[in-house]
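Enquirer: Each residue of the sequence shown is one higher than the one before, starting from 1 at the first, in the UniProt record's numbering.
No residue lacks a Cβ here, since even glycine has one placed at the ideal position from N, Cα and C.
Can you keep this structure in mind? I'll have questions shortly.
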Amino acid sequence: MVISLLSDNTQDINPITHNTENSRIGIYSTIDSASGGVCEDYIKKARYEPYIDFSAHFHPLNIAFAPSPYSMAGFDHSPPPGSPFGMQPPWATELVQEMKDIKSKMKSLDKIERAVNQISSKLSELEIQVSEIDKRVADTEHAATFITAQYEDKSTALKEATRRIKTLNDECNSLDTKVKH
């Protein structure tokens, strides 16, 4: 077995065993002498392009749980077998609860809206009644003005008639006194 010391602090991968080996002295790459001595270019390339073991992806159990190319971020994992849908995420539970709260508030808003509509219709009826009363009051005021004017005219005419009667009475008395004398 040949051991070579690397000058930089990158990790070397053994091209034979595909393992990394670290030591107290530094980072080493082990090359099996049976390989006939692997060239330095392969070791440098292995340093920057780590070996990927694709055989794990083709295992029958891994294929069943392999991520789908159409999966979304945060939803990469399938639910465990036996659970058709899995657990509901907490944010979905919160959204459902908020929607229930909104529904209950909408019911109370509907009740409030009905109450406001009833009050509005009663207010409209009251406005109609008040406008009718205002019209009656205006008619009554007009009638009162007319009656007051008529009273003033009759009162003036009565005073004039009373004064004239008194004048005529005085003339009658004076003529009567003259006739008797």
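1. Can you tell me whether H181 is helix, strand or coil according to DSSP?
2. How many Å lie between residue 197 and L123 at the Cα?
3. Alpha carbon to alpha carbon, how far is I147 from E141?
4. Given this structure, state the Cα-to-Cα distance separating K135 from D110, to the nearest angstrom.
5. Helix, strand or coil, according to DSSP, for Q88 in the structure here?
Expert: If we stick to the structure as given:
1. coil
2. No information on residue 197 is available, as it lies outside the stretch 1 to 181 that the chain covers here.
3. 10 Å
4. 37 Å
5. coil
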